[in-house]
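Reading through the structure tokens given below for one structure.
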Amino acid sequence: MIVRVWSDLPTFREARFEAGFNVVLADTTEDSKETESTNGLGKTTLIRIVHFCLGMDIGRDKVLTHPDLANVTFGLDMLVDGKTVTIKRSTSSPKQVVISAWFVEELPVEREKSDTEFVRISTDDWKLALTSRFYPPAQGVTVRQPSFRDVVLYLVRLGKAAFTDPQMAFQGQSGPGKRLDISFLLGLNWGLQDSIHQQIASRSHLTDASKMRKAAEEAGAQKSIGELEAERVALEAQLNARKKELDSFNLRDDYRDLEQQLSGIDRELHDAINENFSDGRLRDFYQESASEVPEADSARPVAILQEAGAIFKEDALRKLSEVASFHEQVYRNRKEFLKAEINRLSLAIKARDRQIDRLSSEKQRVLNVLRSSGAIETLIALQRTHTDLNARYQVLVSQIEDRKQVDRRSDELTATIARDRTILKQDLEDRRQQVDEVRALFAEYTQELYGRPGRLGVDVGPNGYSFSFTIDRQGSDGVDQMVVFCFDLTIASVWAKYGKGFPVLIHDSSLFADVDPRQYAKALKLAAVNSEKYGFQYICCLNVGSLPKDHFGEFSLEPYVRLRLHDESVEGRLLGKQLPPREKNAS
1 MIVRVWSDLP
11 TFREARFEAG
21 FNVVLADTTE
31 DSKETESTNG
41 LGKTTLIRIV
51 HFCLGMDIGR
61 DKVLTHPDLA
71 NVTFGLDMLV
81 DGKTVTIKRS
91 TSSPKQVVIS
101 AWFVEELPVE
111 REKSDTEFVR
121 ISTDDWKLAL
131 TSRFYPPAQG
141 VTVRQPSFRD
151 VVLYLVRLGK
161 AAFTDPQMAF
171 QGQSGPGKRL
181 DISFLLGLNW
191 GLQDSIHQQI
201 ASRSHLTDAS
211 KMRKAAEEAG
221 AQKSIGELEA
231 ERVALEAQLN
241 ARKKELDSFN
251 LRDDYRDLEQ
261 QLSGIDRELH
271 DAINENFSDG
281 RLRDFYQESA
291 SEVPEADSAR
301 PVAILQEAGA
311 IFKEDALRKL
321 SEVASFHEQV
331 YRNRKEFLKA
341 EINRLSLAIK
351 ARDRQIDRLS
361 SEKQRVLNVL
371 RSSGAIETLI
381 ALQRTHTDLN
391 ARYQVLVSQI
401 EDRKQVDRRS
411 DELTATIARD
421 RTILKQDLED
431 RRQQVDEVRA
441 LFAEYTQELY
451 GRPGRLGVDV
461 GPNGYSFSFT
471 IDRQGSDGVD
481 QMVVFCFDLT
491 IASVWAKYGK
501 GFPVLIHDSS
511 LFADVDPRQY
521 AKALKLAAVN
531 SEKYGFQYIC
541 CLNVGSLPKD
551 HFGEFSLEPY
561 VRLRLHDESV
571 EGRLLGKQLP
581 PREKNAS
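Quick note, the sequence shown lines up with residues 1 to 587 if you use the working numbering.
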């Protein structure tokens, strides 16, 4: 339990507490206007100091980071296992805590000796030490367990948001976080609940990725699995063809010689074909010329002249005959020449045709050799092509497998979540007696307040555990706050009954602000009776002006008032001073 809250601030009002019921009373009506600012008397500040000494991060705290509280040390004395542990933490070095050495003697934390009784450790190690002392992890449990800081936010609620819903410890708390913490506080299978949370989160990420992928497919920015599979088949065929070429490739040392030989054959073929073309054209010309040569007739010239009336002497006719015979011989010689040339050209063309056939066969043979073998450069190029194709193929296969893996993983997670929910339902049935004890206590406390038992429901839904808190008292003021009160009192009672956990419950005046005076009075009596009955410490911060004195009956708060604050002077405030408003930085 908490024994003392103190500070080295000279004006600080030290608060001392005892076992059971404790009251911090603010004797003013102005304090009811406090909205966690620096204008109150210090009830909420006292709770902040408790949290500060128990490892709270003060990075955004508006009070403890005030310039007027720089270099101030706040302290907390607690009684743990019959021994006093003192905690000291300064606002100037909030990442370190000075504590009684015995508290961390057997814990694996780094420490620096401060003096004979105290050691200095980091705030992170201090949080671990508190968890180890009050909520030690069970043997063999590997999943993350709620820490001391997670739990103490329910036992020492801070801020108005924390008093509106039993499941919410602070504004903006996630649903999975609330379910995990409440299942731990109720002694349920929080480990399996945490596993379900993680699986649901993983499935959600996969679902988001699938939605983005489908959107990209519809927009044409990404191919579907079917399209990738079709591309894979085509690429696989190309890869197999290249592999077959590589397997049948015959590397020859004389590859370059064969290439030169093929080049020579091509030149010879080209020359032979060109010469055949030229000779063919000339032969065609000769054959056409030979067909146009007239038959030689020696009498034809004389006959023509006689028909024209020409008269020749005998000796003159003899000379014309000789001329005609000469021309006849010329025509005969030309015909023989053309015939001989045509025959020569035909023979040359036939010879070249045979040469062309031979060269073509030789060329085909060399080409076959080149196709079945090659040089080292050709082999390297072929291997590079095969490697590139294989790399593309492997990337494609990996993409397809990743896509399918996402779908399979999503299906597997859905099946695992369904299986774990089934196990969780059975586990809840196995813990019925334990859960019924909590339900019965919650019903008892709510009946004390409203005359009808409330219901604390525990079910298993799509996200694991689901909790409901109901009081059949519609229309009454502050019912929601009293649901929080009854739940907190139930948790503190159950843990204290079995001697486990941090045996302290602290409530601020915000919890009772809108509560009907009758229920307000009953709640304080209920806390006083059951804190003593179950052995936990209850500290409440109250305003005198809002106390339901007319409904107390024989019950009196006075014996339980451990600290009385007032606004008659600054000395009556918790800090013994009033903090001036902080200047706002110009934006």
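All residues carry an ideal CB built from backbone N, CA and C; glycine is no exception.
Tell me whether the beta-carbon of residue i lies closer than 8 Å to the beta-carbon of residue j.
i, j, result
"residue 454", "residue 467", "no"
"residue 471", "residue 482", "yes"
"residue 505", "residue 538", "yes"
"residue 23", "residue 542", "yes"
"residue 9", "residue 575", "yes"
"residue 132", "residue 153", "no"
"residue 279", "residue 345", "yes"
"residue 342", "residue 283", "yes"
"residue 78", "residue 200", "no"
"residue 130", "residue 55", "yes"
"residue 534", "residue 569", "no"
"residue 529", "residue 26", "no"
"residue 563", "residue 19", "no"
"residue 358", "residue 276", "no"
Please go through the same chain and pick out, in chain order, the residues whose beta-carbon is closer than 7 Å to the beta-carbon of residue i, but skip the five residues on each side of it.
i, result
"residue 7", "72, 73, 74 and 75"
"residue 163", "157, 481, 484, 510 and 511"
"residue 445", "486, 489, 490 and 526"
"residue 591", "The question about residue 591 has no answer, for the chain in this structure spans 1 to 587."
"residue 390", "239"
"residue 194", "143, 144 and 180"
Rounded to the nearest angstrom, how far is the Cβ of residue i from that of residue j, given a contact under 8 Å?
i, j, result
"residue 52", "residue 64", "6 Å"
"residue 117", "residue 101", "6 Å"
"residue 149", "residue 178", "So it is not a contact: roughly 15 Å between Cβ atoms."
Where do the N-terminal and C-terminal ends of the beta strand (DSSP E) with residue i fall, by residue?
i, result
"residue 75", "73-80"
"residue 465", "464-470"
"residue 566", "561-566"
Apply the 10 Å Cβ neighbour rule to residue i and answer buried if 16 or more other Cβ atoms are within range, or exposed otherwise.
i, result
"residue 59", "exposed"
"residue 387", "exposed"
"residue 587", "The predicted position of residue 587 is uncertain, since its pLDDT is 43 and thus under 50; a value taken from the coordinates is nonetheless stated next. Exposed is the call here."
"residue 488", "buried"
"residue 240", "exposed"
"residue 507", "buried"
"residue 43", "buried"
"residue 5", "buried"
"residue 450", "buried"
"residue 85", "buried"
"residue 478", "buried"
"residue 367", "exposed"
"residue 581", "exposed"
"residue 181", "buried"
"residue 45", "buried"
"residue 496", "buried"
"residue 197", "buried"
"residue 237", "exposed"
"residue 329", "exposed"
"residue 171", "exposed"
"residue 339", "exposed"
"residue 274", "exposed"
"residue 244", "exposed"
"residue 146", "buried"
"residue 83", "exposed"
"residue 61", "buried"
"residue 226", "exposed"
"residue 325", "exposed"
"residue 556", "exposed"
"residue 403", "buried"
If you follow the alpha helix (DSSP H) that residue i is part of, which residue opens it and which one closes it?
i, result
"residue 432", "432-450"
"residue 6", "First-last for residue 6: 2-7, but that is the beta strand (DSSP E), not the alpha helix (DSSP H)."
"residue 172", "Careful: residue 172 lies outside any alpha helix (DSSP H) and carries neither H nor E."
"residue 527", "517-534"
"residue 481", "479-497"
"residue 538", "No alpha helix (DSSP H) holds residue 538; the beta strand (DSSP E) holding it covers 537-543."
"residue 456", "No alpha helix (DSSP H) contains residue 456, which is instead part of the beta strand (DSSP E) from 455-461."
Leaving aside the five residues before and after residue i along the sequence, list all residues of the same chain whose C-beta is less than 8 Å from its C-beta, in chain order.
i, result
"residue 518", "548 and 551"
"residue 206", "406, 409, 410 and 413"
"residue 460", "421, 424, 425, 428 and 466"
"residue 579", "38, 63, 66, 68 and 69"
"residue 503", "1, 492, 495, 496, 535, 536 and 537"
Kindly list the residues whose CB is nearer than 6 Å to the CB of residue i, restricted to its own chain and excluding five residues on each side of it in sequence; keep chain order.
i, result
"residue 34", "With a pLDDT of 43 at residue 34, under the threshold of 50, the predicted position of this residue should be treated as unreliable, and no value is reported."
"residue 161", "171"
"residue 99", "87"
Comparing the C-beta of residue i with each C-beta of chain B, is any distance below 8 Å?
i, result
"residue 538", "Protein chains in the displayed structure number just one, and chain B is not present."
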